[in-house]
Each structure stands twice: as C-alpha cells, then as structure tokens.
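J.: The structure follows.
In my numbering, the protein residues as written are 1077 to 1211.
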C-alpha cells in the first residue's frame, strides 16, 4: 500500500473525522491548525475530492508521493486549478505558489526544492527524484 503525504493547511472546514473515514492518518502539528497526512493510494481520489470541495479559498494543497506530485489550487474567488507536477508545467505551478503564498518566484521556481523545504516532504521528494530518473 503506497502512502502519499499531504501537509494540509487552509482547511478548517475539513474535520479529522472526515479524513480518518478515508483511512488517512492525521498527525497534528503543535500550536497550528495545519496537519500532516498520510494518504493511502486507495483513498487518493476521495481525498482530492474533499480538498476540491472544502479547501479554503486562497490556499493550495499538494500531495507528494514517490510516483506523483499533485497540486490543487483554490484561488481567492474559489476557482480550482489542478496540476500533476512535470517539468513542462513547473513554472505555471510556481507562479501560482508565488501568487498565493507571496514567496518570490526565484524560490518557488525550483519546485522540488521548494517542496523539500518542508521537512515532512524531504524524504519523499528524494524518492520521487530517484523514481522519475528511472522512467
């Protein structure tokens, strides 16, 4: 069973019960409303649907696995924009990260390093790089 990782922020409308009902393991972050999630492969599409429905406007959620990195952006007006990470759309994703998070494009444009800056993702990003280099 492959687990994906997702660092969930901007999702006050998503309860832990909703997550655990999808067999997602929730790790709380001290003094924060953010949560570290371990998402089983079998729950991935259901999790994406939950994010699409209940993520707060002006936030994004990333899902990181060794075989996939997926982004769901919910723009300030509620519009959804989604990308599977690839080199072809890396800059488009980076621009959305910059727009919503106010980090400079110079920081977000190296998207894998940007994600790996979150220690929750560091090891998964390394595995993703190894996996994608074998493709």
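Ideal Cβ positions, reconstructed from N, Cα and C, are used throughout, including at glycine. Small disclaimer: the values here were computed from a predicted structure and weren't measured.
1. Using the Cα positions of residue 1117 and residue 1081, report the straight-line distance between them to the nearest angstrom.
2. Short check: CB of residue 1145 to CB of residue 1155, under 9 Å?
3. How do the segment 1134-1154 and the segment 1167-1184 stand: do at least 3 beta-carbon pairs fall below 8 Å, yes or no?
4. Could you give the distance in angstroms between the alpha-carbon of residue 1181 and the alpha-carbon of residue 1189?
5. What residue range is occupied by the uninterrupted beta strand (DSSP E) comprising residue 1138?
6. Just verifying my parser: in three-state terms, what is the DSSP assignment at residue 1079?
7. At 4 residues or longer, and completely inside the segment 1107-1163: list those alpha helix (DSSP H) runs for me, N to C.
8. Would you report the Cα separation of residue 1134 and residue 1153, rounded to the nearest angstrom?
9. Flag residue 1113 as yes when its Cβ comes closer than 8 Å to any non-hydrogen atom of the ligand HEM, and as no otherwise.
10. Helix, strand or coil: how does DSSP classify residue 1098 here?
T.: This is what the structure holds:
1. When rounded, the distance between both Cα atoms is 10 Å.
2. Result no, Cβ atoms of residue 1145 and residue 1155 do not sit closer than 9 Å.
3. Contact holds: three or more Cβ-Cβ distances are below 8 Å.
4. The alpha-carbon atoms of residue 1181 and residue 1189 are separated by roughly 13 Å.
5. Run containing residue 1138: 1135-1140, per the beta strand (DSSP E) assignment.
6. Strand at residue 1079.
7. Taken in chain order, the complete alpha helix (DSSP H) segments of 4 or more residues contained in the segment 1107-1163 are 1120-1130.
8. Spanning the alpha carbons of residue 1134 and residue 1153 requires a straight line of approximately 8 Å.
9. As for the ligand HEM, it is missing from this structure, which has no ligand bound.
10. In the three-state reduction of the DSSP assignment, residue 1098 falls in the coil class, being assigned neither a helical nor a strand state.
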